[in-house]
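Enquirer: To start, I am sharing the structure in question, which I have written as structure tokens.
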Amino acid sequence: MSEYECLKVERHGPVGWLINNRPDQLNAMNSKMRDEFAVAWRELDDDGDIRVIVHTGEGRAFQTGVDVAEIASDGVGMERYRESVENWDLHFTSWHQNVWKPVITAVNGICAGGGFHWVADADIVIAASDAQFFDPHVSIGQVVSIEAIGLLRKMPAEAVMRMAFVGRHERLSARRAYELGMISEIVDPPERLREAAQELGEKIARNSPAAMAATKKALWGALELGLTDACRLGGQHLMSMWGHPDQQEGPAAFAEKREPKWKPLP
104 MSEYECLKVE
114 RHGPVGWLIN
124 NRPDQLNAMN
134 SKMRDEFAVA
144 WRELDDDGDI
154 RVIVHTGEGR
164 AFQTGVDVAE
174 IASDGVGMER
184 YRESVENWDL
194 HFTSWHQNVW
204 KPVITAVNGI
214 CAGGGFHWVA
224 DADIVIAASD
234 AQFFDPHVSI
244 GQVVSIEAIG
254 LLRKMPAEAV
264 MRMAFVGRHE
274 RLSARRAYEL
284 GMISEIVDPP
294 ERLREAAQEL
304 GEKIARNSPA
314 AMAATKKALW
324 GALELGLTDA
334 CRLGGQHLMS
344 MWGHPDQQEG
354 PAAFAEKREP
364 KWKPLP
């Protein structure tokens, strides 16, 4: 896989890994990391040998949002960030990059502020038992918006509001995040997080890549629409598999009691 300065990109069997790699800065996103995300997501999505993507972090934090030190000091970072939001030209999550493979976010340690972008935009989120979640935006005079709006799809509105307004003065444990529906699995001990993410990725990778891509488009598309329009769109994605080789291969493999041989995504 390609070499990056602020990220690591790896392949382990059918599972691709995207790893935040600024551990000394708690994986805060500087402008270089932001640019690398745009390339790395596409590299992983375009690799035909990868069927599932796991996103995690090095060190004691998953992600702590934008690198405030860079924005405060270099005179350029804040302007670039402002322009990207103003023009809605964001490229740092799988959703921004139209990645249609399943994406697992595996939260290690601290997830704060802008780190919730990747929690909100993942398909599945798991976390180590020692993970901590909090949003300090209002505590440093900033607005809570895009990340929290995404979280409203996953968890109760009041829980999102509380996190937004309490700021850095309260942290959610992995257990509380699980209770609120922010994550779907707690991994204990924490050292097993990557092993558990790989195991989950391999389970998912056994399924039809084409069917999973169409499923992801149908389900994410539904979030943009009302019930009737969402079901109509879902029907279109359902029919998109009719005549696909995987639709015949799946039942045949089941009847013959063997693993299916799926057609790779183009």
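The sequence shown begins at 104 in the working numbering and counts up by one. Built from N, CA and C at the ideal position, the CB exists for glycine as well.
Considering just the uninterrupted stretch of the alpha helix (DSSP H) at L341, what are its terminal residues?
Expert: L330 to M342
Enquirer: Report the residue ranges of all alpha helix (DSSP H) runs contained in full by the segment 139-184; include only those spanning at least 4 residues, in chain order.
Expert: 171-176
Enquirer: When the Cβ atoms of the segment 341-358 are set against those of the segment 237-255, are three or more pairs found closer than 8 Å?
Expert: no
Enquirer: Should P126 and E173 be called a contact, given that it needs their Cβ atoms to be closer than 8 Å?
Expert: no
Enquirer: Return the Cβ separation of I229 and A300 in integer angstroms, given the expectation that the two are a contact with Cβ distance under 8 Å.
Expert: 6 Å
Enquirer: Would you list the one or two residues that DSSP bridges to K111?
Expert: I122
Enquirer: Quickly, what does DSSP pair A317 with across the bridge? List them, please.
Expert: The partner list for A317 (beta bridge, DSSP) is empty, contrary to what the question assumes.
Enquirer: Distance, Cα to Cα, M136 vs L110?
Expert: 7 Å
Enquirer: To test your reading of the DSSP string, which unbroken beta strand (DSSP E) runs of 3 or more residues are found completely within the segment 219-262?
Expert: 227-231 and 235-237
Enquirer: What does the alpha-carbon distance come out to for the pair G284 and V222?
Expert: The straight-line gap from Cα to Cα measures roughly 11 Å.
Enquirer: For the candidate residues M132, D192, D152 and A141, whose alpha-carbon lies nearest to that of F165?
Expert: Of M132, D192, D152 and A141, the smallest CA-CA separation from F165 is found for M132.
Enquirer: So D238 and A267 are in contact, right, with Cβ under 8 Å, and what is the actual spacing, rounded?
Expert: 6 Å
Enquirer: So, is V112 buried or exposed, given that buried needs 16 or more other C-beta atoms within 10 angstroms?
Expert: By the neighbour-count rule (16 or more Cβ atoms within 10 Å), V112 is buried.
Enquirer: Could you pull out every residue in the same chain whose Cβ sits closer than 7 Å to the Cβ of L147, ignoring the five residues on either side in sequence?
Expert: Hits under 7 Å: V112, G119, L121, I153 and I156.
Enquirer: Between the C-alpha atoms of V263 and D332, what's the straight-line distance to the nearest angstrom?
Expert: 27 Å
Enquirer: Going by DSSP, name the residue or residues bridged to T196.
Expert: DSSP output for T196 lists no bridge partner at all.
Enquirer: Could you check the C-alpha separation between S197 and V206 for me, to the nearest Å?
Expert: 8 Å
Enquirer: D291 to A231, Cα distance in whole Å?
Expert: Cα-Cα distance, rounded: 6 Å.
Enquirer: With 16 as the cutoff for other CB atoms within 10 Å, does P457 come out buried or exposed?
Expert: Outside the displayed span of the chain (104 to 369) sits residue 457, for which this structure offers no information.
Enquirer: Kindly give me the distance between the Cβ atoms of A356 and P367, rounded to whole angstroms, as I take these residues to be in contact under 8 Å.
Expert: In fact, because the Cβ distance is near 16 Å, the residues do not count as touching under 8 Å.
Enquirer: Do V210 and A234 have their C-beta atoms closer together than 8 Å?
Expert: yes
Enquirer: For V206, which beta-bridge partners are listed by DSSP?
Expert: I156
Enquirer: What are the start and end residues of the alpha helix (DSSP H) that includes E305?
Expert: L296 to A308
Enquirer: For K319 versus W144, is the C-beta spacing smaller than 8 Å?
Expert: no
Enquirer: To the nearest angstrom, how far is it from the Cα of T208 to the Cα of N123?
Expert: 11 Å
Enquirer: Return the Cβ separation of G151 and G218 in integer angstroms, given the expectation that the two are a contact with Cβ distance under 8 Å.
Expert: G151 to G218, Cβ: 30 Å. No contact.
Enquirer: According to DSSP, L275 sits in a beta bridge with which residue or residues?
Expert: F236
Enquirer: Please report the distance separating the alpha-carbon of P312 from that of P117.
Expert: 11 Å
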